[in-house]
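**Student:** Before anything else, here's the structure in question.
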Amino acid sequence: MADTDLAHEWTQLQSQLLTQVIEHDDLSFSYDPHTNEFSGLHIVGGVDISYPRTNPDHAIVALSILSFPSLTLLHQTTFQVSIDVPYIAGFLAFREIHAYKQAFASLQAERPDLMPQILLVDGNGTLHPRRFGSACHLGIELNMPTIGVAKSLLHFDDLSHVGAKDLKGVFREGAREVELKGQSGSVYGRAVRPPGLASNPVFVSTGHRVSLDTAVRVVRACSKVRVPEPIRVADQQSRKIAQTIESIVP
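Residue numbers (my numbering): 8 to 257.
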């Protein structure tokens with residue numbers, strides 16, 4: 008099937024699935040604004056996929072499970088899979104969703120007691136031209152609360168007036184977060200300043216079954232450096248395996 012046909016088919020499917028996205032808190036834990044603490048949150052997860060430069064259709068998916076609030080690694084699952092679905096901008100989830108689902112099937116078989124109460128996804132949720140990025144798609148597929156955490160700002164027409172360099176300037180002036188509102192008035196997510204002195208934000212958005220306010224609070228509570236620990240740990244593992252593959256391929 009041609010990419011244009013796939014894009015049309017996937018656009019329709021995203022529109023259908025979007026109706027299932029829950030953008031309010033539907034969680035097994037709660038947040039107390041008076042104490043600035045979470046109650047009942049014990050297990051958080053993070054997922055990331057890396058591709059060896061020598062073989063862009065060979066994916067390494069990593070799922071990390073951490074305790075909360077200590078952020079100690081409890082379990083890690085990694086998979087190497089071949090991906091034959093093409094990459095089309097705006098439809099990354101269709102390329103990667105089955106690899107992520109394999110990782111969760113493995114976790115369910117090996118350690119169902121460590122299924123995360125909320126999952127941080129290396130990618131976008133509602134911060135997407137159709138408000139349905141990878142974090143939304145994975146959340147719907149798993150029926151799990153998910154948060155999109157992107158390292159770079161996804162540019163699309165409704166957010167064309169927002170520039171990453173401008174955001175850095177705002178953070179240098181002391182801002183902690185900036186609402187990412189489109190010209191249409193839609194709020195897609197927030198740029199969130201990381202801990203410490205860094206001014207390079209991460210871009211947080213609702214995936215599924217969590218409000219944007221709670222998503223930002225969870226990301227902050229899971230962050231020691233710029234990238235929140237569940238994603239950072241998964242990213243380290245997937246990159247390590249990808250680099251090993253690169254080193255042995257002639």
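Quick reminder that beta carbons are idealized off the backbone N, C-alpha and C, glycines included. Since we're looking at a predicted model, the values are computed, not measured.
Which residues in the same chain have their Cβ closer than 6 Å to the Cβ of Asp164, if we skip the five residues on either side of it in sequence?
**Tutor:** Looking up residue 164 in the sequence shown gives position 157. For Asp164, where only same-chain residues beyond five positions count, there are no Cβ hits under 6 Å.
**Student:** Who pairs with Ala197 in a beta bridge, going by DSSP?
**Tutor:** The count along the sequence shown starts at 1 and reaches residue 197 at position 190. Position check: residue 197 holds Arg in this sequence, whereas Ala was assumed. In DSSP, Arg197 forms a bridge with Glu186 and Val211.
**Student:** Would you kindly check if the distance between the Cβ of Asn131 and the Cβ of Leu161 is under 9 Å?
**Tutor:** Here residue 161 refers to the residue found at position 154 when the sequence shown is read from its first residue. Here residue 131 refers to the residue found at position 124 when the sequence shown is read from its first residue. Yes, Cβ-Cβ distance for Leu161 and Asn131 is below 9 Å.
**Student:** Closest to His215 by CA distance: which of Met151, Gly192, Val226 and Glu236 is it?
**Tutor:** Within the sequence shown, residue 215 is the residue found at index 208, counting from 1. Cα-wise, what sits closest to His215 is Met151.
**Student:** For a minimum of 4 consecutive residues, which ranges assigned as the alpha helix (DSSP H) are wholly contained in the stretch 85-124?
**Tutor:** 99-117
**Student:** Per DSSP, Tyr38 forms a beta bridge with which residues?
**Tutor:** If you number the sequence shown from 1, residue 38 lands on position 31. DSSP, once it has assigned bridges, lists Phe45 as partnering Tyr38.
**Student:** Let's test the definition: count the other Cβ atoms within 10 Å of the Cβ of Ala241 and tell me whether it reaches 16, buried, or not, exposed.
**Tutor:** On the sequence shown, position 234 is the one that residue 241 refers to. It is buried - the Cβ of Ala241 has at least 16 other Cβ atoms within 10 Å.
**Student:** Within 10 angstroms of the Cβ of Ile255, are there 16 or more other Cβ atoms? Answer buried if so, exposed if not.
**Tutor:** Within the sequence shown, residue 255 is the residue found at index 248, counting from 1. It counts as exposed.
**Student:** Here's the rule I'm using: 16 or more other beta-carbon atoms within 10 Å means buried, otherwise exposed. How should Thr11 be labelled?
**Tutor:** If you number the sequence shown from 1, residue 11 lands on position 4. So Thr11 ends up on the exposed side.
**Student:** So, using beta-carbon positions, are Val5 and Arg183 closer together than 9 Å?
**Tutor:** This structure cannot speak to residue 5, because the chain is shown only from 8 to 257.
**Student:** Since Ile154 and Val232 are thought to touch, with beta carbons under 8 Å apart, how far apart are those beta carbons, to the nearest angstrom?
**Tutor:** Here the question's residue 154 lines up with position 147 in the sequence shown. Here the question's residue 232 lines up with position 225 in the sequence shown. Actually they are not in contact, since the Cβ atoms of Ile154 and Val232 sit about 17 Å apart, beyond 8 Å.
**Student:** Look at the alpha carbon of Leu73 and the alpha carbon of Ser113, and state the distance between them as a whole number of angstroms.
**Tutor:** As a first step, residue 73 is located in the sequence shown; it is residue number 66 there, counting from the start. As a first step, residue 113 is located in the sequence shown; it is residue number 106 there, counting from the start. Here the alpha carbons of Ser113 and Leu73 stand approximately 16 Å from one another.
**Student:** Count Cβ pairs between the stretch 46-54 and the stretch 115-131 that sit closer than 8 Å; are there 3 or more?
**Tutor:** yes
**Student:** Quick check on His144: buried or exposed, where buried means 16 or more other Cβ atoms within 10 Å of its Cβ?
**Tutor:** The residue labelled residue 144 in the question sits at position 137 within the sequence shown. Its Cβ being crowded by 16 or more others within 10 Å, His144 is buried.
**Student:** Less than 9 Å between the C-beta atoms of Leu219 and Arg197, yes or no?
**Tutor:** Here residue 219 corresponds to residue number 212 of the sequence shown, with the count starting at 1. Here residue 197 corresponds to residue number 190 of the sequence shown, with the count starting at 1. For Leu219 and Arg197, yes; Cβs fall inside 9 Å.
**Student:** Alpha carbon to alpha carbon, how far is Lys259 from Val223?
**Tutor:** No information on residue 259 is available, as it lies outside the stretch 8 to 257 that the chain covers here.
**Student:** For my contact list, Leu13 and Ile95 are in at a C-beta cut-off of 8 Å; report their separation, rounded to the angstrom.
**Tutor:** Taking the first residue of the sequence shown as 1, we reach residue 13 at position 6. Taking the first residue of the sequence shown as 1, we reach residue 95 at position 88. 6 Å between Cβ atoms; contact.
**Student:** Quick check on DSSP: helix, strand or coil for Ile67?
**Tutor:** The sequence position of residue 67 within the sequence shown is 60, counting from 1. Of the three classes helix, strand and coil, the one that applies to Ile67 here is strand, per DSSP.
**Student:** Quick one: residues in its chain with C-beta nearer than 7 Å to the C-beta of Arg60, no 5 flanking neighbours on either side, listed in chain order?
**Tutor:** As a working note, residue 60 is residue 53 in the sequence shown. Once the five neighbours on either side are set aside, the close Cβ partners of Arg60 are Glu253.
**Student:** Just to confirm, are Val225 and Leu48 a CB contact at a threshold of 9 Å?
**Tutor:** Counting from 1 along the sequence shown, the entry for residue 225 is found at position 218. Counting from 1 along the sequence shown, the entry for residue 48 is found at position 41. In this structure, Leu48 lies closer than 9 Å to Val225 by Cβ.
**Student:** According to DSSP, Asp129 sits in a beta bridge with which residue or residues?
**Tutor:** Within the sequence shown, residue 129 is the residue found at index 122, counting from 1. Note: Asp129 sits in a beta bridge opposite Val156.
**Student:** Just verifying my parser: in three-state terms, what is the DSSP assignment at Gly203?
**Tutor:** Position 196 of the sequence shown, counted from the start, is the residue given in the question as residue 203. Gly203: coil per DSSP, three-state reduction.
**Student:** What separation, rounded to the nearest whole angstrom, lies between the Cα atoms of Phe86 and Thr42?
**Tutor:** In the sequence shown, residue 86 corresponds to position 79, counting from 1. In the sequence shown, residue 42 corresponds to position 35, counting from 1. Taken atom to atom, the span from the alpha-carbon of Phe86 to that of Thr42 is near 39 Å.
**Student:** Would you give the residue range spanned by the alpha helix (DSSP H) that Val54 belongs to?
**Tutor:** Taking the sequence shown and counting its residues from 1, the one referred to as residue 54 is at position 47. That residue, Val54, is in no alpha helix (DSSP H); its beta strand (DSSP E) goes Ile50 to Ser57.
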